[in-house]
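> Chains Z and V are the protein sequences, given in the same order.
Using the numbering used here, the first residue of the first sequence is number 59, and each one after it goes up by one.
Using the numbering used here, the first residue of the second sequence is number 6, and each one after it goes up by one.
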Amino acid sequence: DTAVSQTPKYLVTQMGNDKSIKCEQNLGHDTMYWYKQDSKKFLKIMFSYNNKELIINETVPNRFSPKSPDKAHLNLHINSLELGDSAVYFCASSQVGRNQPQHFGDGTRLSIL
Amino acid sequence: AQTVTQSQPEMSVQEAETVTLSCTYDTSESDYYLFWYKQPPSRQMILVIRQEAYKQQNATENRFSVNFQKAAKSFSLKISDSQLGDAAMYFCAYRRGSSNTGKLIFGQGTTLQVKP
Numbered sequence: 059d060t061a062v063s064q065t066p067k068y069l070v071t072q073m074g075n076d077k078s079i080k081c082e083q084n085l086g087h088d089t090m091y092w093y094k095q096d097s098k099k100f101l102k103i104m105f106s107y108n109n110k111e112l113i114i115n116e117t118v119p120n121r122f123s124p125k126s127p128d129k130a131h132l133n134l135h136i137n138s139l140e141l142g143d144s145a146v147y148f149c150a151s152s153q154v155g156r157n158q159p160q161h162f163g164d165g166t167r168l169s170i171l
Numbered sequence: 006a007q008t009v010t011q012s013q014p015e016m017s018v019q020e021a022e023t024v025t026l027s028c029t030y031d032t033s034e035s036d037y038y039l040f041w042y043k044q045p046p047s048r049q050m051i052l053v054i055r056q057e058a059y060k061q062q063n064a065t066e067n068r069f070s071v072n073f074q075k076a077a078k079s080f081s082l083k084i085s086d087s088q089l090g091d092a093a094m095y096f097c098a099y100r101r102g103s104s105n106t107g108k109l110i111f112g113q114g115t116t117l118q119v120k121p
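Structure, rendered in C-alpha cells:
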C-alpha cells in the first residue's frame with residue numbers, strides 16, 4: 059500500500075488556469091506538508107498542517123491555498139497559474155515528535171504552457 | 006535562520022568504491038536532527054539515514070554511514086561498496102528538534118554518478 063499518494067503525477071496546463079493537487083497519507087500521521095522543487099532541484103517548504111490546522115505558510119503567494127479536510131488529506135489548490143509555478147510539488151507527512159522522519163509522495167510535475 | 010549547504014554539485018564514484026558527500030549547516034540551536042534523502046531519477050524522496058544531534062555516535066545503515074561533527078557543524082555521508090543503484094541526487098536536510106512543525110530545510114543537493 060502506498061503510504062503517501064499524490065494525484066495527478068503530471069499536470070500540464072495553460073497560464074491563468076486553476077488546478078488542484080490531491081494528497082493522502084495512510085500512515086496515521088498528524089502532520090502534512092507541501093514542498094516545492096524548482097528547476098534547479100532546490101526543495102523548499104510551502105505549507106504545513108498539524109491536525110488540520112495551518113502551522114507553516116512560508117511566504118507563498120495567495121494564489122496557493124492548501125486545504126486539509128481531515129488529518130489524512132492535504133490538497134493544494136492553485137489559482138491563476140503563472141509560468142513560474144512550473145515545478146515538482148511534493149506532499150509529505152510525519153508524526154511530530156522526536157526523531158520522526160518525513161515520508162514523501164512521488165511528486166506532481168506541474169508544467170505551465 | 007538555519008541554512009544547509011552542500012558544496013559539491015556533482016560527484017562520481019567507481020562501482021564498489023567508497024564516496025563521501027559533504028554537508029554543512031548553520032544553526033544556533035542545540036537540539037536538532039539531520040537527514041540524508043536520496044532522489045533517484047524516478048523522483049521519489051527516499052530517507053537514507055538520520056542523526057540526532059544529541060547522540061555522539063555516528064548513525065549507520067548498512068553501506069551508508071555519516072560523519073557527524075557537531076562543533077564543526079558538518080554532516081557528511083559515506084557510501085561504501087557503491088552500487089549502480091546508488092546513482093541519484095542526495096539531499097542533506099535539517100530539522101529543529103524543539104519545533105512542532107517538523108519542517109525540513111534542505112541543501113542544494115549533490116548528484117552522484119556511479120561508473121561501472
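For each residue, glycine too, the CB sits at the ideal point set by N, CA and C.
A quick note: this is a predicted structure, and the numbers were derived from the prediction, not measured.
Nearest-angstrom Cα distance between Phe73/V and Asn137/Z?
Counting from 1 along the second sequence, the entry for residue 73/V is found at position 68. Counting from 1 along the first sequence, the entry for residue 137/Z is found at position 79. Taken atom to atom, the span from the alpha-carbon of Phe73/V to that of Asn137/Z is near 43 Å.
> Got a sec: is the Cβ-Cβ distance from Gly165/Z to anything in chain V below 7 Å?
Taking the first sequence and counting its residues from 1, one reaches residue 165/Z at position 107. The beta-carbon of Gly165/Z is placed less than 7 Å from the nearest beta-carbon of chain V.
> Compare the Cα-Cα distances from Glu34/V to each of Gln7/V, Glu15/V, Pro14/V and report the closest residue.
Along the second sequence, one-based indexing puts residue 34/V at 29. When each option's Cα is compared against that of Glu34/V, the closest is Gln7/V.
> List the DSSP bridge partners of Asn73/Z.
Residue mapping note: residue 73/Z aligns to position 15 of the first sequence, counting from 1. Looking at the sequence itself, residue 73/Z is Met, so the reference to Asn does not match. For Met73/Z, which the question treats as bridged, DSSP gives no partner whatsoever.
> Return yes when the Cβ of Leu26/V is within less than 7 Å of the Cβ of Tyr95/V, no when it is not.
Translated into the one-based positions of the second sequence, residue 95/V becomes position 90. Translated into the one-based positions of the second sequence, residue 26/V becomes position 21. Leu26/V is positioned such that its CB atom lies closer than 7 Å to that of Tyr95/V.
> For Arg101/V, would you say it is in contact with chain Z, using Cβ-to-Cβ distances shorter than 7 Å as the test?
Here residue 101/V refers to the residue found at position 96 when the second sequence is read from its first residue. No, Arg101/V does not count as interfacial toward chain Z.
> Could you check whether the Cβ of Leu112/Z sits closer than 7 Å to any Cβ belonging to chain V?
For the purposes of this step, residue 112/Z is taken as the residue at position 54 of the first sequence. Closer than 7 Å: no.
> Can you find at least 3 beta carbon pairs, one from the segment 111-118 of chain Z and one from the segment 131-145 of chain Z, that sit closer than 8 Å?
no
> I'd like to know whether the C-beta atoms of Val119/V and Val53/V end up nearer to each other than 7 Å.
The sequence position of residue 119/V within the second sequence is 114, counting from 1. The sequence position of residue 53/V within the second sequence is 48, counting from 1. Cβ distance not < 7 Å, so Val119/V and Val53/V don't count as in contact.
> With distances taken Cα to Cα, identify the nearest neighbour of Leu171/Z among Gly86/Z, Met73/Z, Ser152/Z.
Mapped onto the first sequence, residue 171/Z falls at position 113. The option with the nearest alpha carbon to Leu171/Z is Met73/Z.
> Classify Leu89/V: buried if its beta carbon has 16 or more other beta carbons within 10 angstroms, exposed otherwise.
Start at 1 with the first residue of the second sequence, and residue 89/V comes out as number 84. Exposed is the call here.
> So which residues of chain V does Tyr147/Z contact, with C-beta pairs closer than 8 Å?
Here residue 147/Z corresponds to residue number 89 of the first sequence, with the count starting at 1. Here the premise fails: no neighbours, minimum Cβ distance about 11 Å.
> Do you know offhand how far Thr65/V's Cα is from Asn120/Z's?
Position 60 of the second sequence holds residue 65/V. Position 62 of the first sequence holds residue 120/Z. Going from the Cα of Thr65/V to the Cα of Asn120/Z covers about 42 Å.
> Pick out whichever of Lys129/Z, Val70/Z, Ser123/Z, Asn108/Z has its Cα sitting closest to the Cα of Gly155/Z.
Here residue 155/Z corresponds to residue number 97 of the first sequence, with the count starting at 1. Checked all of Lys129/Z, Val70/Z, Ser123/Z, Asn108/Z; the closest Cα to Gly155/Z is Asn108/Z.
> Go to Thr65/Z, then tell me how far its beta strand (DSSP E) extends in each direction, as first and last residue.
Locating residue 65/Z in the first sequence gives position 7, where the first residue counts as 1. Run containing Thr65/Z: 62-65, per the beta strand (DSSP E) assignment.
> Taking C-alpha atoms, which residue in Arg68/V, Leu82/V, Leu109/V lies nearest to Ala21/V?
Counting from one through the second sequence, the residue named residue 21/V turns up at place 16. The shortest C-alpha separation from Ala21/V is found at Arg68/V.
> Once the 5 residues before and after Asp36/V are set aside, which same chain residues still bring their CB inside 8 Å of it?
Your numbering for residue 36/V matches position 31 in the second sequence. Counting only Cβ-Cβ distances below 8 Å, and skipping sequence neighbours, we find Ala58, Tyr59, Arg101, Gly102, Ser103.
> Roughly how far, in whole angstroms, is the beta-carbon of Cys28/V from the beta-carbon of Gly107/V, given that I think they are within contact range, below 8 Å?
The count along the second sequence starts at 1 and reaches residue 28/V at position 23. The count along the second sequence starts at 1 and reaches residue 107/V at position 102. That belief does not hold up - the Cβ atoms of Cys28/V and Gly107/V are roughly 19 Å apart, past 8 Å.
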